[in-house]
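In short: position in the sequence shown from 1, add 254, done, that's this note's numbering.
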Amino acid sequence: MSSAINNSSPSTGGAPTNQDKPSTLTPEQQTQREKKLTTLQTSIATLESQTAELEAQLLKTKSQLKNDPSITVRRHIRLLHDYNEIKDIAQGLMGLLADARGERQIDVQRGFGVGDRD
Numbered sequence: 255m256s257s258a259i260n261n262s263s264p265s266t267g268g269a270p271t272n273q274d275k276p277s278t279l280t281p282e283q284q285t286q287r288e289k290k291l292t293t294l295q296t297s298i299a300t301l302e303s304q305t306a307e308l309e310a311q312l313l314k315t316k317s318q319l320k321n322d323p324s325i326t327v328r329r330h331i332r333l334l335h336d337y338n339e340i341k342d343i344a345q346g347l348m349g350l351l352a353d354a355r356g357e358r359q360i361d362v363q364r365g366f367g368v369g370d371r372d
C-alpha cells in the first residue's frame, strides 16, 4: 500500500484548486490581481482626499458661525418662549375686544391683519 497524498479536489474532478496551492497564480490572474489592487489603492487615495476636503470645509464653516451651536439653540428656544407668551397675550386682548364689540374673535384678528393660521 502506498501512502501518497492526493492534492486533488473531489469537486473539480481531481484538478488542483487555489486552496491547494494559494501562491500559484497564472500570469493572467496575477495581472488581474494587480489591476484590482491598483484600483483599490486609487479608490482609497480618492476617498482620503475627499475626507480631507470635507474636514477642511467643516472647519471653515464652523469658524464662520457667530456663536456656538448650543448657544444658538438656547437663544432660539428663549425667543420661541417669548413669542408664545406675546401671542397668548395678544389673543387674549383680541378676545376681550371681540366681546366688547360683539364680534367673533376671528373677525377682530382679520381686522388686525392676523391670518387664520397665525
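We treat Cβ as the ideally placed atom computed from N, Cα and C, and that holds for glycine.
request  = Would you decide whether Q363 is buried or exposed? Buried here means 16 or more other CB atoms lie within 10 Å of its CB.
outcome  = By one-based count along the sequence shown, residue 363 stands at place 109. Label assigned to Q363: buried.
key: Contact set for Q348: own chain, Cβ-Cβ below 8 Å, skip 5 residues either direction   = Counted from its first residue, the sequence shown places residue 348 at position 94. According to the sequence shown, residue 348 is Met rather than Gln. So the qualifying residues of the chain are Q359, V362, Q363, F366 and V368.
key: Which listed residue (H330, A306, P281 and R371) has its alpha carbon closest to that of Q345   = What you label residue 345 is simply residue 91 of the sequence shown in a count that begins at 1. Nearest option by C-alpha distance: R371.
ask   = Hey, would you say R287 sits closer than 8 Å to L294, going by beta carbons?
value = Locating residue 287 in the sequence shown gives position 33, where the first residue counts as 1. Locating residue 294 in the sequence shown gives position 40, where the first residue counts as 1. Against a cut-off of 8 Å, the Cβ pair of L294 and R287 comes out as no contact.
Residue-chain proximity (G365, chain D), Cβ-Cβ < 8 Å = No chain D appears in the structure shown, which is made up of a single protein chain.
message = Going by DSSP, what residue range makes up the alpha helix (DSSP H) through E307?
response = Translated into the one-based positions of the sequence shown, residue 307 becomes position 53. E307 -> alpha helix (DSSP H) spans P281 to Q318.
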